[in-house]
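Q:
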Amino acid sequence: MTTHRILDWTPQAVVFDCDGTLVDSERHWQQARDIVLRENGTAPDPEFTDSSKGLHYTECGALMARLIGKPDSSEEMAGQLLAAFRALVAQCPMAMRGAPALVSGLGRFAPLAVASNCPADVVEFSLQSVGLRQHFRHIVVPEPGVAPKPSPDTYAEAVRRLGLECGDALAVEDSLNGLKAAVGAGLRVIGVGRNPGPEALDLADLWVDTLADPELVAWAESRSTPSREETGTPPPAPPRPKVPHQGGRAQSGTRAAH
Numbered sequence: 000m001t002t003h004r005i006l007d008w009t010p011q012a013v014v015f016d017c018d019g020t021l022v023d024s025e026r027h028w029q030q031a032r033d034i035v036l037r038e039n040g041t042a043p044d045p046e047f048t049d050s051s052k053g054l055h056y057t058e059c060g061a062l063m064a065r066l067i068g069k070p071d072s073s074e075e076m077a078g079q080l081l082a083a084f085r086a087l088v089a090q091c092p093m094a095m096r097g098a099p100a101l102v103s104g105l106g107r108f109a110p111l112a113v114a115s116n117c118p119a120d121v122v123e124f125s126l127q128s129v130g131l132r133q134h135f136r137h138i139v140v141p142e143p144g145v146a147p148k149p150s151p152d153t154y155a156e157a158v159r160r161l162g163l164e165c166g167d168a169l170a171v172e173d174s175l176n177g178l179k180a181a182v183g184a185g186l187r188v189i190g191v192g193r194n195p196g197p198e199a200l201d202l203a204d205l206w207v208d209t210l211a212d213p214e215l216v217a218w219a220e221s222r223s224t225p226s227r228e229e230t231g232t233p234p235p236a237p238p239r240p241k242v243p244h245q246g247g248r249a250q251s252g253t254r255a256a257h
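Be aware that the sequence shown starts at 0, since it is given in the numbering used here, and climbs by one per residue.
1. Candidates Asp-7, Ser-223, Ala-211, Cys-17: which alpha carbon is nearest Val-121's?
2. Taking DSSP as the reference, what is the three-state secondary structure of Val-38?
3. Cβ of Asn-176 within 8 Å of Cβ of Gly-40?
4. Could you check if Trp-218 is buried or exposed, using at least 16 other CB atoms within 10 Å of its CB as the buried criterion?
5. By alpha-carbon positions, which one of Leu-169, Glu-46, Val-207 ends up nearest to Phe-108?
6. Which same chain residues end up closer than 6 Å to Asp-167 when comparing Cβ atoms and leaving out the 5 residues on each side of it in sequence?
7. What are the start and end residues of each continuous beta strand (DSSP E) run of 3 or more residues lying completely inside the segment 116-143, in chain order?
8. Smallest Cα separation from Phe-84: which of Glu-123, Gln-30, Asp-208, Ala-146?
9. Using only CA atoms, which one of Arg-160, Met-93, Cys-165, Gly-196 lies nearest to Arg-136?
10. Measure the alpha-carbon distance for Ala-77 versus Thr-57 and round it to whole angstroms.
11. How would you write the range of the alpha helix (DSSP H) that Leu-178 sits in, first residue to last?
12. Residues bridged to Glu-172 by DSSP?
13. Take every Cβ of the segment 129-145, pair it with every Cβ of the segment 190-200, and state whether three or more of those distances are shorter than 8 Å.
14. How long is the line joining the alpha carbons of Gly-106 and Ile-189, rounded to whole angstroms?
15. Give me the DSSP bridge partner(s) of Phe-15.
16. Could you tell me whether the Cβ atoms of Leu-36 and Ile-67 are closer together than 8 Å?
17. Pick from Lys-179, Leu-163, Val-139: whose alpha carbon is nearest that of Ser-150?
18. Which stretch, first to last residue, makes up the alpha helix (DSSP H) that contains Ser-73?
19. Just confirm the distance between the C-beta atoms of Ala-157 and Ala-112, as a whole number of angstroms; I'd bet it's less than 8 Å.
20. Taking C-beta to C-beta, are Pro-147 and His-27 nearer than 8 Å?
21. Can you tell me whether Ala-100 is helix, strand or coil according to DSSP?
22. My assumption, with CB atoms under 8 Å, is that Asp-173 sits in contact with Gly-192. Please give the rounded CB distance.
23. Check whether the Cβ atoms of Thr-209 and Arg-96 sit closer than 8 Å, and answer yes or no.
24. Please state whether the Cβ-Cβ distance between Leu-80 and Arg-32 is less than 8 Å.
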């Protein structure tokens, strides 16, 4: 885990990406892209797979239209892509590893929101399907005046709706476009996923393989546990000094630090 600038800090709000971060739906998007391309007579290649991850589905439709040699069919391709994705999500919804526990833990001390490039009804359905919707106060998606990632708009708008400043908020993201959006908005960022590229690592304040990372979980738990000052609990009494034996030297109950 690459770690700096996060674990000694307490955010006032947390904004999550959805696909690939909270919900294991990036695989559904990939499957949907492959299905639509093959139905249109084209096999996906590694370059397309890399460039399409994290794109708004309309932008991905345009990319696919160019790939099949029909640049004027971008709207049709986007519609096919969204329909294929909806069908796959309905068949097999699944939360990302560690997401339910982390969301619950962070929600104990900070308000939560979602910033996604997906349509609002898809995000709602995905979160409901894995039992996470109730934790989030707001869901922000691209709309008139709110551009999709990598624009910072969705993150900036999510924090605005929570009534806070972006510098006080944390983002949790899995894609390079999402990282660019969150950093551009002024949030600190936890990146999640295996085998991140150098640019993603450079943008993230903290990188973990999964949201079940032990150090990340421990940090969230430490922030959600009230301090003694907050609960009014007095500090524990110091240990009573040992009584020296008659004629001997007094024994200290504390060893010197080395």
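The C-beta atom is built at its ideal place from N, Cα and C for all residues, glycine as well.
A: Reading it off the structure:
1. Here residue 121 refers to the residue found at position 122 when the sequence shown is read from its first residue. Of Asp-7, Ser-223, Ala-211, Cys-17, the residue nearest in Cα terms is Cys-17.
2. In the sequence shown, counting from the first residue as 1, residue 38 sits at position 39. A quick correction: the sequence has Glu, not Val, at residue 38. In the structure shown, Glu-38 sits in a helix (DSSP, three-state: H, G or I).
3. Along the sequence shown, one-based indexing puts residue 176 at 177. Along the sequence shown, one-based indexing puts residue 40 at 41. Note that the C-beta distance between Asn-176 and Gly-40 is not below 8 Å.
4. Start at 1 with the first residue of the sequence shown, and residue 218 comes out as number 219. It counts as buried.
5. Here the question's residue 108 lines up with position 109 in the sequence shown. Distances from the alpha-carbon of Phe-108 to those of Leu-169, Glu-46, Val-207 put Leu-169 closest.
6. For this step, residue 167 is matched to residue 168 along the sequence shown. Same-chain partners within the cutoff: Gln-11.
7. For the segment 116-143, whole beta strand (DSSP E) runs of length 3 or above, ordered along the chain, are 137-139.
8. The residue given as residue 84 occupies position 85 in the sequence shown. Selected option, being the one with the closest Cα: Gln-30.
9. Position 137 of the sequence shown, counted from the first residue, corresponds to residue 136. Residue Arg-160 is the option with its Cα nearest to Arg-136.
10. Locating residue 77 in the sequence shown gives position 78, counting from the first residue. Locating residue 57 in the sequence shown gives position 58, counting from the first residue. Straight-line Cα distance between these residues: approximately 5 Å.
11. Within the sequence shown, residue 178 is the residue found at index 179, counting from 1. In the DSSP annotation of this structure, the continuous segment of the alpha helix (DSSP H) that includes Leu-178 starts and ends at 175-184.
12. Taking the first residue of the sequence shown as 1, we reach residue 172 at position 173. Checking the DSSP bridge columns, you'll see Glu-172 partnered with Gly-190.
13. Segments in contact, no.
14. The sequence position of residue 106 within the sequence shown is 107, counting from 1. The sequence position of residue 189 within the sequence shown is 190, counting from 1. If I take the Cα positions, the gap works out to 16 Å.
15. Along the sequence shown, one-based indexing puts residue 15 at 16. Under DSSP, the beta-bridge partners assigned to Phe-15 are Val-113, Val-171.
16. Locating residue 36 in the sequence shown gives position 37, counting from the first residue. Locating residue 67 in the sequence shown gives position 68, counting from the first residue. In this structure, Ile-67 lies closer than 8 Å to Leu-36 by Cβ.
17. Within the sequence shown, residue 150 is the residue found at index 151, counting from 1. For Ser-150, the closest C-alpha among the options Lys-179, Leu-163, Val-139 is that of Lys-179.
18. As a working mapping, residue 73 is identified with position 74 in the sequence shown. That run of the alpha helix (DSSP H) goes 73-90.
19. On the sequence shown, residue 157 is found 158 positions in, with the first residue counted as 1. On the sequence shown, residue 112 is found 113 positions in, with the first residue counted as 1. That pair is a contact at about 4 Å.
20. Translated into the one-based positions of the sequence shown, residue 147 becomes position 148. Translated into the one-based positions of the sequence shown, residue 27 becomes position 28. In this structure, the beta-carbon distance from Pro-147 to His-27 does not fall below 8 Å.
21. As a working note, residue 100 is residue 101 in the sequence shown. In the three-state scheme derived from DSSP, where H, G and I count as helix and E and B as strand, Ala-100 is classed as helix.
22. Translated into the one-based positions of the sequence shown, residue 173 becomes position 174. Translated into the one-based positions of the sequence shown, residue 192 becomes position 193. In this structure Asp-173 touches Gly-192 by the C-beta definition: roughly 5 Å separates them, less than 8 Å.
23. Walking along the sequence shown from the start, residue 209 turns up at place 210. Walking along the sequence shown from the start, residue 96 turns up at place 97. For Thr-209 and Arg-96, yes; Cβs fall inside 8 Å.
24. Taking the sequence shown and counting its residues from 1, the one referred to as residue 80 is at position 81. Taking the sequence shown and counting its residues from 1, the one referred to as residue 32 is at position 33. Yes.
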